[in-house]
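Right, one structure below, let's go through it.
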Amino acid sequence: MTQELNYRCSNDACGRGWPRQVAFCPYCGTQQQAASEAPVEQRAATPAAAPPHPAAIGVSADAAQNELDFEPPSLTHANAAIRDLAPPSLAKTIASAQAEVSRGDGESEGAQRGGNLAWNSGQGGANKPPAVQGPALSSAMPEWASPAPPARKLVPDEIPEPPAQGSNSRKQANTGGGKQSAAPRAEPPRPGTPLRKPISKTTWAMVALCLLAVWLLMRPESAAKKAAHRVDEAIAMLPECRLADARAELAALTEAKAPKAQTKRLQDAIAGAVPGCEKKVRRDKAWKELAPILESAIKSGTAERAAERLSGFTRKWGESAETKELAGRIDAKRAENLLDEADACLRKNDRACLEVRIKAAEKLKRPETEERIRQLKERLSHLLESTLLDQASSPAPQGEAASATAREVQRLQADAVREMAQGNYRAAIGRASQCMTQTDPGNRECQQLHEKAERLEREYQRCIMGGMTWSNGRCL
Numbered sequence: 346m347t348q349e350l351n352y353r354c355s356n357d358a359c360g361r362g363w364p365r366q367v368a369f370c371p372y373c374g375t376q377q378q379a380a381s382e383a384p385v386e387q388r389a390a391t392p393a394a395a396p397p398h399p400a401a402i403g404v405s406a407d408a409a410q411n412e413l414d415f416e417p418p419s420l421t422h423a424n425a426a427i428r429d430l431a432p433p434s435l436a437k438t439i440a441s442a443q444a445e446v447s448r449g450d451g452e453s454e455g456a457q458r459g460g461n462l463a464w465n466s467g468q469g470g471a472n473k474p475p476a477v478q479g480p481a482l483s484s485a486m487p488e489w490a491s492p493a494p495p496a497r498k499l500v501p502d503e504i505p506e507p508p509a510q511g512s513n514s515r516k517q518a519n520t521g522g523g524k525q526s527a528a529p530r531a532e533p534p535r536p537g538t539p540l541r542k543p544i545s546k547t548t549w550a551m552v553a554l555c556l557l558a559v560w561l562l563m564r565p566e567s568a569a570k571k572a573a574h575r576v577d578e579a580i581a582m583l584p585e586c587r588l589a590d591a592r593a594e595l596a597a598l599t600e601a602k603a604p605k606a607q608t609k610r611l612q613d614a615i616a617g618a619v620p621g622c623e624k625k626v627r628r629d630k631a632w633k634e635l636a637p638i639l640e641s642a643i644k645s646g647t648a649e650r651a652a653e654r655l656s657g658f659t660r661k662w663g664e665s666a667e668t669k670e671l672a673g674r675i676d677a678k679r680a681e682n683l684l685d686e687a688d689a690c691l692r693k694n695d696r697a698c699l700e701v702r703i704k705a706a707e708k709l710k711r712p713e714t715e716e717r718i719r720q721l722k723e724r725l726s727h728l729l730e731s732t733l734l735d736q737a738s739s740p741a742p743q744g745e746a747a748s749a750t751a752r753e754v755q756r757l758q759a760d761a762v763r764e765m766a767q768g769n770y771r772a773a774i775g776r777a778s779q780c781m782t783q784t785d786p787g788n789r790e791c792q793q794l795h796e797k798a799e800r801l802e803r804e805y806q807r808c809i810m811g812g813m814t815w816s817n818g819r820c821l
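Counting in the working numbering, the sequence shown runs from 346 upward without gaps.
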């Protein structure tokens with residue numbers, strides 16, 4: 346049966362119709378014009394529909410009954426939409442009004458349905474009652490708040506059982522008579538003893554300390570510390586004059602974008618080490634040239650000459666472990682030469698010559714010659730005793746004493762000349778001093794030798810201090 350759609354949605358996009366006025370569209374939910382603007386009396390005065398066409402009189406009574414029982418399907422949806430969208434207070438008022446209307450409609454519906462059935466039966470089922478334009482509502486409530494069909498009360502046996510919870514679901518079985526037992530109320534969980542002892546604050550503190558210790562021990566070094574460590578390693582190369590390695594490390598740090606403070610520190614260290622390293626290179630070159638000459642001088646027996654050359658080198662370039670070791674070897678050779686000369690003086694019973702050689706060897710302070718010096722001193726003492734005893738037993742004649750003095754003077758002069766030829770000017774000064782003070786005081790030749798030896802000694806020292814070479818009584 347087709348219904349007459351007297352009302353349509355105010356939303357143009359929706360535009361659907363329904364047989365009665367509502368507050369909200371049951372399809373799109375748009376709010377409609379208030380129902381109170383159209384009075385109920387006007388809607389009630391709407392003329393009833395025309396009686397059915399005589400051709401429809403042959404409809405059966407069952408079809409008429411079905412048409413009377415028909416209810417527009419959109420009504421229930423509209424009421425549901427009104428209940429969902431209305432405020433709580435209005436929804437409560439609508440619910441109470443619907444309950445009252447339902448009770449009144451239930452009573453009148455039974456009587457009306459009985460009358461309609463009787464009328465239809467009297468007419469032989471040929472006529473239908475006139476159609477009603479929309480359901481009749483109570484004048485006590487607005488039309489848009491139409492009551493919903495009354496809810497049927499449930500019998501206690503029809504109340505559904507709540508879902509089972511926890512371990513009690515197995516105990517909720519039918520207890521007999523085909524009826525299910527009522528579900529017990531869910532009780533709140535009761536506080537009980539904890540399953541384990543809570544972790545104490547001391548334990549948490551110990552764990553935190555352990556984690557802190559592990560982090561302090563295993564944490565990686567920062568980039569700044571790594572750069573500082575690399576700079577320290579590069580600076581340690583500079584005392585060895587490894588300038589190429591230090592410059593390569595500086596280039597690597599610059600490419601790695603190390604802190605500028607670290608690269609500046611390495612640059613300053615390299616700049617400060619360059620002059621010293623250049624001097625060291627020149628010194629090494631000079632030492633390589635001088636060392637073979639000194640070795641050959643030691644082997645040939647001219648230790649005095651080797652000592653002079655080595656002294657000039659150390660004044661210009663400074664001492665080192667190599668120069669000290671070679672100087673020790675030269676001094677040992679010089680001491681051996683002096684002791685050999687002392688033995689020669691002892692064989693000639695020349696007490697003065699023996700004393701001079703022993704004193705010169707003692708000044709060198711070589712441990713390997715101490716034993717020979719001690720033996721020569723003992724022989725010198727024996728020689729002195731024998732000389733004194735001989736002089737006391739038999740005094741020498743005056744002529745022999747003068748000749749002995751002359752021979753001693755000649756010997757001392759010859760020793761002084763030989764020492765000056767070898768470059769040992771200090772020894773020559775000693776011989777000349779002994780000649781002019783002890784053997785023959787006031788001897789003119791001994792005095793001249795003494796002055797010459799002192800002059801050569803001064804020139805030699807001046808030449809060595811200037812970094813030049815002294816050779817054959819001349820500065821080169």
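For glycine and all other residues, C-beta sits at the position ideal for the given N, C-alpha and C.
In the structure shown, what three-state DSSP assignment does residue i receive?
i, result
"Ser665", "coil"
"Gln720", "helix"
"Asp613", "helix"
"Trp363", "strand"
"Cys820", "strand"
"Arg587", "coil"
"Ala401", "Residue confidence for Ala401 is low, a pLDDT of 39 falling below 50, so the modelled location carries little weight and cannot support an answer."
"Gln377", "coil"
"Arg564", "coil"
"Arg541", "coil"
"Ala395", "Low per-residue confidence applies at Ala395: pLDDT is 46, beneath 50, and the placement is therefore not dependable, though the value from the model is reported in the following sentence. In this structure, Ala395 counts as coil in the three-state DSSP scheme."
From what residue to what residue does the alpha helix (DSSP H) around residue i run?
i, result
"Gln792", "789 to 810"
"Gly775", "770 to 779"
"Arg707", "Arg is not the amino acid found at residue 707; the sequence shown has Glu there. Note, Glu707: alpha helix (DSSP H), 696 to 709."
"Lys571", "568 to 581"
"Ala368", "Here Ala368 belongs to no alpha helix (DSSP H), and DSSP marks it neither H nor E."
Within 10 angstroms of its Cβ, does residue i collect 16 or more other Cβ (buried), or is it exposed?
i, result
"Pro371", "buried"
"Thr714", "buried"
"Val701", "buried"
"Cys820", "exposed"
"Ala761", "buried"
"Thr784", "buried"
"Asn788", "buried"
"Cys555", "exposed"
"Asn817", "exposed"
"Ile703", "buried"
"Gln607", "buried"
"Trp560", "exposed"
"Ala568", "exposed"
Comparing the C-beta of residue i with each C-beta of chain D, is any distance below 8 Å?
i, result
"Ala773", "The question asks about chain D, but that chain is absent: this structure has only one protein chain."
Please report the Cβ distance between residue i and residue j, rounded to the nearest whole angstrom; I am assuming they are in contact, meaning their Cβ atoms lie under 8 Å.
i, j, result
"Leu598", "Arg575", "6 Å"
"Gly812", "Arg660", "7 Å"
Checklist entry - Counting pairs of beta carbons, one from the segment 635 to 653 and one from the segment 594 to 604, are three or more of them closer than 8 Å? => result Because the criterion of three Cβ pairs below 8 Å is not met, the segment 635 to 653 and the segment 594 to 604 do not touch.
Checklist entry - At a cut of 8 Å, does the segment 672 to 692 reach the segment 643 to 659 through at least three beta carbon pairs? => result yes
Next on the checklist: Taking 8 Å as the cut-off, does the segment 689 to 698 touch the segment 654 to 668 (at least 3 CB pairs, one atom from each stretch)?
Outcome noted: no
Next on the checklist: Between the segment 722 to 733 and the segment 760 to 780, can you find at least three pairs of beta-carbon atoms closer than 8 Å?
Outcome noted: No, because fewer than three Cβ pairs between the segment 760 to 780 and the segment 722 to 733 fall closer than 8 Å, the two stretches do not touch.
Checklist entry - So does the segment 574 to 581 actually touch the segment 611 to 620, counting three or more Cβ pairs closer than 8 Å? => result yes
Checklist entry - Counting Cβ pairs, one atom from each stretch, are 3 or more of them under 8 Å apart for the segment 766 to 774 and the segment 797 to 808? => result yes
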